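Quick note on my numbering: the sequence shown kicks off at 10 and runs consecutively.
All remarks here apply to the structure that follows.
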Amino acid sequence: MSLQKKIILSFLISSALIAVLAIFAYVNFIEIRKEIQYLELSDTLRSKTLQLRRHEKNFFLYRDVKELESVHRYIAEIRSILAQNKLLDSPVQIGALQGKVDDYQQRFTRIESLTWSFLDDIARLKAQKGEYAIFFPLMESTFLESPLIIAEQLRILFKLGPESPILISLKELDTEIISLRKTGEEILTVSKDLDTVTRQKVDRTISVSQTALVILFPLFLLVGISALVIIVRSAVKHLKILAGAIEKTGKGDFTSLPASSKHDEVGALIDAFNRMENDLIARDREIEKKNEELLQSRKLVSLGTLASGVAHELNNPLNNIYLAAQILTKEIDTETCPDIIKETVGDIYSQTLRVKRIVSDLLAFAREKPPQFAPVQITALIKGILTQMDATEDLQDVRYSVQAPDDASVFADSHMMEQVFINLFSNAVDAMEGKGSLNVAIEREGNFVRIRVSDTGKGIPQEQLQRVFDPFFTTKDHGTGLGLAIVYSIIEKHRGKIEVQSEQGKGTVFLITLPGGA
């Protein structure tokens with residue numbers, strides 16, 4: 010039996026067990042959900058009963074009309090819930106609770122009636138017995154708490170007989186309040202009992218579910234483990250080779266496995282593994298490249314900070330030396346001044362200019378001003394730079410050409426782009442020692458513009474290619490090593506990419522990729 014058939018068979022057996030377990034779980038879930046509905050209703054009854062008792066006590070204490078309204082509202086809500094007793098599996102408890110709530114409502118309505126009747130009687134006594142006005146507020150505020158005490162006070166104070174309506178009303182009020190409180194306690198007890206019974210049913214249902222799981226899950230586990238052992242025994246021989254290769258891959262050895270002669274599952278797995286190996290090799294190379302770019306960026310940041318400080322410190326004294334050298338050059342009498350002084354002043358002047366150019370390069374390298382992006386016609390810009398260099402005889406013996414569409418556009422800072430290509434063209438002229446061919450080719454690739462700058466100079470040794478963009482690295486006798494570092498920094502700020510290819514004796518090629526213009 011093939012590996013595929015074994016897997017299918019074990020899957021069918023496991024699926025059958027899972028189906029049985031799922032059906033049981035579904036039926037049990039419906040039962041649990043029903044019991045939870047019971048529990049929610051019983052819990053709601055218990056909660057509203059507690060709220061009813063709380064508002065009842067508040068009404069007796071403060072005789073607040075809002076508390077009175079709350080009592081009636083909670084009675085109505087409890088009656089509404091009990092009207093849904095068809096959802097509950099406790100008809101006996103529900104019937105008992107309905108009777109208690111009806112009795113409670115009747116008694117509370119009677120207490121409410123007696124309360125307003127007593128207040129009317131007190132109001133009449135106030136009008137008749139104004140000299141006892143100091144006692145009436147106390148009686149009005151406490152008669153619901155202690156009706157019999159208030160009745161005794163009224164009897165003594167106003168010498169009322171046992172048949173006095175107000176005394177009879179207070180005695181009846183006391184009886185109703187006692188009965189109401191007893192009924193309220195009974196309602197609370199019944200609701201608690203109902204909640205307890207419902208919770209016990211939920212616990213029993215959950216217990217049945219747990220028992221079923223304890224029985225069915227080990228059975229499913231036994232079948233699954235048996236199927237797993239059978240499949241592993243048939244496949245392990247073929248997979249050992251693949252496991253060893255994966256272990257090597259984890260250690261960095263991305264060696265592909267020989268293609269399998271069998272067109273089965275293991276063969277497909279080996280093919281997939283080989284494709285993964287190739288992808289990992291490509292990704293590893295990409296990571297190395299990104300790490301190099303990150304290292305280069307960190308170098309530029311740290312050296313930029315250093316260069317900025319050094320350049321600013323040198324700039325002021327250098328300007329003073331340069332001005333002094335200019336003044337000395339103008340003031341020297343060419344006829345009477347010795348030649349040695351003329352040569353010395355000339356050296357000071359020329360070397361000062363050289364140092365000023367170095368400081369200028371340092372400031373350009375350290376400048377953190379962000380690019381001012383705008384669409385730039387790159388073909389026209391490059392042609393303009395070459396024309397200017399030709400006019401100043403920088404390209405006197407150099408043949409140059411530009412192969413590009415006239416409307417090639419990039420989204421860049423035009424001044425920074427000028428600096429990029431001036432530096433690249435100047436380096437190319439120096440590499441060719443003033444004689445050779447400088448070629449520029451521009452082409453569009455989707456949303457990007459690709460620029461190729463090539464020369465026929467002496468080329469760059471392979472061991473130095475990785476360092477050409479490092480600040481202060483140069484192969485020239487008098488170079489600062491900042492030209493290509495500035496180029497790299499500008500291209501990076503433009504979210505572009507620059508690459509270099511070179512072969513000694515044949516020349517160098519710089520490849521620049523920039524976002525296209527709008």
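C-beta: ideal position from N, C-alpha, C; glycine also.
Values in this document were obtained by computation on a predicted structure and should not be read as measured data.
Annotation for residue 396: no beta strand (DSSP E) segment contains it, though the alpha helix (DSSP H) segment containing it runs 387 to 400. In the three-state DSSP reduction, residue 293 falls in the helix class (H, G or I).
Counting along the chain, no alpha helix (DSSP H) covers residue 448; the unbroken beta strand (DSSP E) around it starts and ends at 445 to 454. Assigned with DSSP and collapsed to three states, residue 512 falls in strand. In this model, residue 338 and residue 356 are separated by some 11 Å (Cα to Cα). With contacts defined as CB atoms closer than 9 Å, residue 386 and residue 417 qualify as a contacting pair. Between the alpha carbons of residue 202 and residue 220 lies a distance of about 27 Å. Its chain contains 123 and 156 as the residues whose beta carbon lies nearer than 6 Å to that of residue 182, once the 5 sequence neighbours on both sides are disregarded; these appear in chain order.
Exclusion of the five residues before and after residue 329 leaves no residue of its chain whose Cβ lies closer than 7 Å to its Cβ.
Residue burial is scored here from C-beta neighbours: residue 503 has at least 16 other C-beta atoms within 10 angstroms and is therefore classed as buried. The stretch 63 to 114 contains, as complete alpha helix (DSSP H) runs of 4+ residues, the segments 74 to 91 (chain order). Residue 215 and residue 45 have their C-alpha atoms roughly 11 Å apart. Contact annotation, residue 149 with residue 131: C-beta distance approximately 6 Å; criterion of less than 8 Å satisfied.
DSSP places residue 460 in the uninterrupted beta strand (DSSP E) bounded by 457 to 464. For residue 198, the number of other beta carbons within 10 angstroms of its own is below 16, and it is reported as exposed.
In the three-state reduction of the DSSP assignment, residue 504 falls in the coil class, being assigned neither a helical nor a strand state. Non-local beta-carbon contacts of residue 520 in its own chain, meaning distances under 6 Å to residues more than five positions away in sequence, involve 461 and 508 in chain order.
Contiguous beta strand (DSSP E) elements confined to the stretch 187 to 226 do not occur, taking only those with 3 or more residues. Taking residue 189 as the centre and dropping the five residues before and after it, the same chain places the C-beta of 113, 116, 117 and 120 closer than 7 Å to its C-beta, in chain order. About 6 Å separates the CB atoms of residue 80 and residue 68; that is less than 8 Å, so the two are in contact. Straight across, the Cα-Cα distance linking residue 144 with residue 167 is about 11 Å.
Of the candidates 523, 466, 500 and 478, the residue whose Cα lies closest to the Cα of residue 513 is 466. Per DSSP, residue 428 lies in no beta strand (DSSP E) segment; the continuous alpha helix (DSSP H) that holds it begins and ends at 423 to 440. Taking the Cα positions, residue 510 is about 53 Å away from residue 346. In the DSSP assignment, residue 162 falls within the alpha helix (DSSP H) that extends over 156 to 167. DSSP, read as helix, strand or coil, puts residue 143 in coil. Counting along the chain, the unbroken beta strand (DSSP E) around residue 412 starts and ends at 407 to 412. With distances taken between CA atoms, residue 228 lies nearest to 29 out of 72, 141, 29 and 281.
Judged by pairs of C-beta atoms under 8 Å, the stretch 469 to 477 does not touch the stretch 450 to 460, as fewer than three such pairs exist. Between the stretch 384 to 398 and the stretch 427 to 435, the count of Cβ pairs shorter than 8 Å is three or higher; the stretches touch. Considering only 361, 477, 440 and 498, the residue with the shortest C-alpha distance to residue 515 is 440. Here residue 90 has 50, 53 and 54 as same chain residues with Cβ atoms under 7 Å from its own Cβ, once five neighbours each way along the sequence are excluded. DSSP places residue 417 outside both helix and strand once states are collapsed to three, so it counts as coil. For the pair residue 163 and residue 128, the CB atoms are not nearer than the 9 Å cut-off. Take residue 84, set aside five residues on each side of it, and the residues of its chain with a beta-carbon closer than 8 Å to its own are 61, 110, 113, 114 and 117, in chain order.
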